[in-house]
Amino acid sequence: MIYFTGDTHGGIDMQKLANKNLRNTCGLPGEDDYLIILGDFGLPFFDDDRKKKKKKKKKNSGEYNADYDKWINFLKKKPFTVLWIDGNHDNHTFWKRQPITKMFGGRVHVHPDAKNVIHLIRGEIYAIDGKRIFAFGGAASHDREYRTEGLNWWAAETAQPDEIARAYHNLATCSNQVDYILTHTPPDSIMRQLLHNANSMERCVPDRTAFFLDTILKTVRYRAWFCGHLHMDTFIPEYLLAVMFQTVMNERQLGLL
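For the sequence shown, our numbering begins at 1471 and goes up steadily by one.
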C-alpha cells in the first residue's frame, strides 16, 4: 500500500513519521509498503550536512539542518520504502551530482546514506504497487529574497525545459492517463484559489512549475493528485487533489482501494 505526506524540511517536520504517530493516524507501514514525501525533503540541505562533525547553525540558514545523521538514520531504520519528490527547499545541486539508476520503470536517485530512501525524478512515470504514477517536483520560493544562491537556494528549484519535455514525452507514451500525480506545488490556478481563501496571497509568486502543471491539469486523466508546498492540509473534490502537510494518509483512508 502507498502512504502520502507533505513536506518534512529535513528534521523540522519529520516527527509525524515517528512510529507512534503513524500508528495513531494511518497505521504503521510494513516492508512491502511505500511512503511518499511530497517535496521539501531536505536531507541533505546544506553542502556539508553529511560531514562527520558537530553542526553549528549557519547564518541565514533558514532552519535546516540541526542533525542530519539523526534524521537520515531515523528513515534508514524504517521497514518501508521512503519515496520523495523534490521541492523548492531541497539541495538540487547535490542531487544533480548523484548517480541515476532505473527503478519502478523510471529514473531515480537512491540516497547514498539510506538505500530505502529514493528520489523520484521530475517528468518520470513509475509503476509502484500496481499504480501508474507521474512525478514532477519543484516550485518557486516565495522567500527567495532572504536566501543565498548555492547556500540555501538553488535556481533549479523550478521546472527546467528538458524536464518539461521529458514529462510530455513520457505522458504521451501512456496516452496522458495515470493513476496518481505527485507534485510539490499545486497547479497555479489551484494555488491562487487556496492562498486567496487563506488570506496568504503574498506567498503566490510567479512559478513556471505551477504554470506547467496547469497544462497537466487540463490534459492528463488521473485518479488522484497529491501535492505539498502550501503548509496546509486540505482536499479539493472538484480536482481530486489533496494538499498535504502534517497529515499522513494511506490509499485505503483516501478511498483509492
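Note that CB positions come from ideal geometry on N, CA and C, so glycine has one too.
The model shown is predicted, which means the values in this text are computed figures rather than measured ones.
Distance CB(residue i)-CB(residue j) smaller than 8 Å
i, j, result
"alanine 1610", "proline 1676", "yes"
"leucine 1683", "threonine 1704", "no"
"aspartate 1628", "threonine 1679", "It should be pointed out that residue 1628 corresponds to threonine in this sequence rather than to aspartate. In contact: threonine 1628 and threonine 1679 (Cβ atoms closer than 8 Å)."
"phenylalanine 1550", "leucine 1505", "yes"
"leucine 1711", "proline 1631", "no"
"valine 1648", "arginine 1602", "yes"
"arginine 1693", "leucine 1726", "yes"
"isoleucine 1660", "isoleucine 1706", "yes"
"asparagine 1646", "threonine 1685", "no"
Cα-Cα separation between residue i and residue j, rounded to whole angstroms
i, j, result
"asparagine 1667", "leucine 1508", "22 Å"
"cysteine 1674", "proline 1499", "35 Å"
"aspartate 1560", "glutamate 1708", "30 Å"
"methionine 1702", "valine 1713", "7 Å"
"aspartate 1539", "lysine 1548", "15 Å"
"phenylalanine 1544", "threonine 1478", "13 Å"
"phenylalanine 1606", "aspartate 1517", "24 Å"
Counterpart residues of residue i in DSSP-defined beta bridges
i, result
"tyrosine 1473", "Leu1505 and Asn1720"
"tryptophan 1623", "Glu1619"
"glycine 1576", "Met1573"
"arginine 1462", "Lying outside 1471 to 1727, the shown extent of the chain, residue 1462 is not represented and no answer is given."
"cysteine 1697", "Val1713"
"alanine 1609", "BP columns for alanine 1609 are empty, so no partner."
"threonine 1704", "Val1713"
Buried versus exposed, by CB contacts within 10 Å (16 or more), residue i
i, result
"cysteine 1644", "exposed"
"lysine 1524", "Its pLDDT being 49, under 50, lysine 1524 is placed unreliably by the model, and the measurement read from it follows with that caveat. Answer is exposed; the Cβ neighbour count stays below 16."
"leucine 1641", "buried"
"isoleucine 1472", "buried"
"asparagine 1537", "The sequence given here places aspartate at residue 1537; asparagine does not occur at that position. Counting Cβ neighbours within 10 Å, aspartate 1537 comes out exposed, since fewer than 16 surround it."
"aspartate 1519", "buried"
For the 8 Å Cβ check, are there 3 or more pairs between the stretch 1614–1624 and the stretch 1584–1596?
-> no
Are three or more beta carbon pairs between the stretch 1553–1562 and the stretch 1487–1502 nearer than 8 Å?
-> no
Is there contact here, the stretch 1568–1575 with the stretch 1592–1606, by at least three beta-carbon pairs under 8 Å?
-> yes
On the three-pair Cβ rule with 8 Å, is the stretch 1476–1488 touching the stretch 1560–1570?
-> no
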